[in-house]
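Residue numbers (the numbering used here): 6 to 232. Every residue, glycine too, gets a C-beta built ideally from N, C-alpha and C.
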Amino acid sequence: MSGQEEQQERWSAVDRYVEELLAPHDAALEAAIEESERAGLPQIQVSPSQGKLLHLLASAIGARTILEFGTLGAYSTIWLARALPAGGRLITFEADPRYAEVARQNVDRAGLGEIVDLRVGPALDLLPELDAEDAGPFDLTFIDADKEHTPDYFAWALDRSRPGALIVADNVVRAGELADERSEDPKIAAQRRLHEAIAAEPRVSATTIQTVGGKGYDGFTLALVLG
Ligand code: SAH
Ligand code: DHB
Ligand code: MG
6 MSGQEEQQER WSAVDRYVEE LLAPHDAALE AAIEESERAG LPQIQVSPSQ GKLLHLLASA
66 IGARTILEFG TLGAYSTIWL ARALPAGGRL ITFEADPRYA EVARQNVDRA GLGEIVDLRV
126 GPALDLLPEL DAEDAGPFDL TFIDADKEHT PDYFAWALDR SRPGALIVAD NVVRAGELAD
186 ERSEDPKIAA QRRLHEAIAA EPRVSATTIQ TVGGKGYDGF TLALVLG
């Protein structure tokens, strides 16, 4: 094994250890993963410990309304929606109708069909509908769709977040390339634009935490919307 493979195996082993004790799957989460895999969806959902983190964040702020960009098979959706109180609501966007069909079944199987409002199509096209419905303000936004649009989703969500809300963006570090100002990857350019926009934004206080684990080396940006 190369040094890099050894390191990845260690990160994965720690994830497995922590997940088994602190973020174990119940039947619905297990089925969400299995059915997503069976349907050929890419296995790029948040890890169990990251799903648990999203759940804890939503619980900690007492979130009642959650917005999510990028549903895939609804694995992160289920973790988040389970933090909502009775009467809570989660709106999630998925561009791929085939993924959305799998997500809908996973959400229904988890008993969250009444809480989760799944919108199918490219998120930017569907956002005006939310305004027309007066759907906000949101207590927590999880941005995890097409990475080039993360700064656009952030800006939209910020304008519709209540004081005390959290905005979380996944996949901002991308194996460390975030620090590479000469990167030509448009996904990296977008994460750098996100950081510059946040730095200049008086309405939020934010940080980025690097993560290692079963999903490799990446990170989250966490932004608290100020009062
Ligand atoms: N949040 C999920 C993983 C999402 S993966 C989880 O952790 O379980 C990213 C998803 O974003 C993919 O399913 C992809 O189809 C979707 N996506 C890509 N572009 C999109 C867009 N413009 N609008 C909405 N969803 C999009
Ligand atoms: C990948 C990982 C993600 O968390 C995501 O949202 C999209 C893609 C990936 O590893 O390719
Ligand atoms: Mg992600």
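Apply the 10 Å Cβ neighbour rule to residue i and answer buried if 16 or more other Cβ atoms are within range, or exposed otherwise.
i	result
Leu27	exposed
Ala180	exposed
Thr216	buried
Gly116	exposed
Leu34	buried
Gln12	exposed
Are the C-beta atoms of residue i and some chain B residue less than 7 angstroms apart?
i	result
Leu61	In the displayed structure, chain B is absent; only one protein chain is listed.
Per DSSP, residue i is paired with what?
i	result
Val121	Leu95
Glu73	Thr97 and Phe147
Gly224	Gln215
Leu229	Leu171 and Ser210
Ser81	DSSP, once it has assigned bridges, lists no residue as partnering Ser81.
Shortest alpha-carbon distance to residue i belongs to which of the options?
i	options	result
Gly126	Val230, Ile66 and Leu77	Leu77
Gln48	Gly232, Ala195, Gly219 and Val230	Gly219
Ala68	Ala205, Leu123 and Asp144	Asp144
Asp122	Ile172, Ala140 and Pro133	Ala140
Phe70	Arg87, Arg94 and Gly221	Reading the sequence as shown, one finds Thr at residue 70 and not Phe. Of the listed residues, the one whose Cα sits closest to Thr70 is Arg94.
Asp151	Phe98, Ala184 and Gly116	Phe98
Arg208	Leu135, Ala91, Phe159 and Glu186	Phe159
Asp190	Glu206, Glu153, Tyr222 and Leu171	Glu153
Val107	Ser17, Tyr80 and Leu129	Tyr80
Glu25	Ala174, Gly45, Pro53 and Arg15	Pro53
**Asked** Which residues have a Cβ closer than 5 angstroms to any heavy atom of the ligand MG, listed in chain order?
**Response** Asp149, Asp175 and Asn176
**Message:** Could you tell me which whole alpha helix (DSSP H) segments of length 4 or greater appear in the region 33-75?
**Reply:** 53-65
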